[in-house]
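**Q** In our numbering, the protein residues as written are 6 to 94.
Using N, Cα and C, we set each Cβ at its ideal position, and we do this for glycine too.
Here it is, the structure, as structure tokens.
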């Protein structure tokens, strides 16, 4: 994808299983591994983005586990954007 400033941004969409939030640690792990291996641990070069349903963010512990684990040295990715979508509309 090309940005408005002419820069190239590479996107990767991770397949989402029927257990909706199970993909979160996969995305975080992929981002961490890519930053470590390809970018010499430069976490500013990669940005994980997660999209949650409104019920799953509060109702499933895996979301909060991921948020807490992101502060540990071995799981740090430099930050993740979390979108919460209201699917009741």
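Considering only C-alpha positions, which residue in the set 77, 84, 89 and 68 is nearest to residue 24?
**A** For the purposes of this step, residue 24 is identified with residue 19 of the chain shown, where counting begins at 1. Nearest option by C-alpha distance: 68.
**Q** Secondary structure at residue 52, three-state DSSP: helix, strand or coil?
**A** Indexing the chain shown from 1 puts residue 52 at position 47. Three-state DSSP puts residue 52 in coil, outside helix and strand.
**Q** If you compare alpha carbons, which of 58, 73 and 51 is closest to residue 13?
**A** Residue 13 sits at position 8 when you count from the first residue of the chain shown. Residue 51 is the option with its Cα nearest to residue 13.
**Q** Hey, residue 59 and residue 93 are a contact pair by Cβ (cut 8 Å); roughly how many whole angstroms apart?
**A** To locate residue 59, count along the chain shown from 1; it is residue 54. To locate residue 93, count along the chain shown from 1; it is residue 88. Right, the Cβ-Cβ distance comes to about 7 Å (below 8 Å), so this counts as a contact.
**Q** Cα-Cα, which of 85, 7 and 35 is closest to residue 56?
**A** Residue 56 sits at position 51 when you count from the first residue of the chain shown. The shortest Cα separation from residue 56 among 85, 7 and 35 belongs to 85.
**Q** Please state whether the Cβ-Cβ distance between residue 29 and residue 71 is less than 8 Å.
**A** One-based indexing of the chain shown puts residue 29 at position 24. One-based indexing of the chain shown puts residue 71 at position 66. The answer is yes: Cβ separation under 8 Å.
**Q** By a C-beta neighbour count over all protein chains shown, 10 Å radius and 16 as the cutoff for buried, is residue 33 buried or exposed?
**A** As a working note, residue 33 is residue 28 in the chain shown. When all chains shown are included, residue 33 counts as buried.
**Q** Compute the beta-carbon to beta-carbon distance between residue 19 and residue 31, rounded to the nearest angstrom, for a pair I have assumed lies under 8 Å.
**A** Start at 1 with the first residue of the chain shown, and residue 19 comes out as number 14. Start at 1 with the first residue of the chain shown, and residue 31 comes out as number 26. Indeed, because the Cβ distance is near 6 Å, the residues count as touching under 8 Å.
**Q** Is DSSP giving residue 66 helix, strand or coil here?
**A** Numbered from its first residue, the chain shown carries residue 66 at position 61. In the structure shown, residue 66 sits in a helix (DSSP, three-state: H, G or I).
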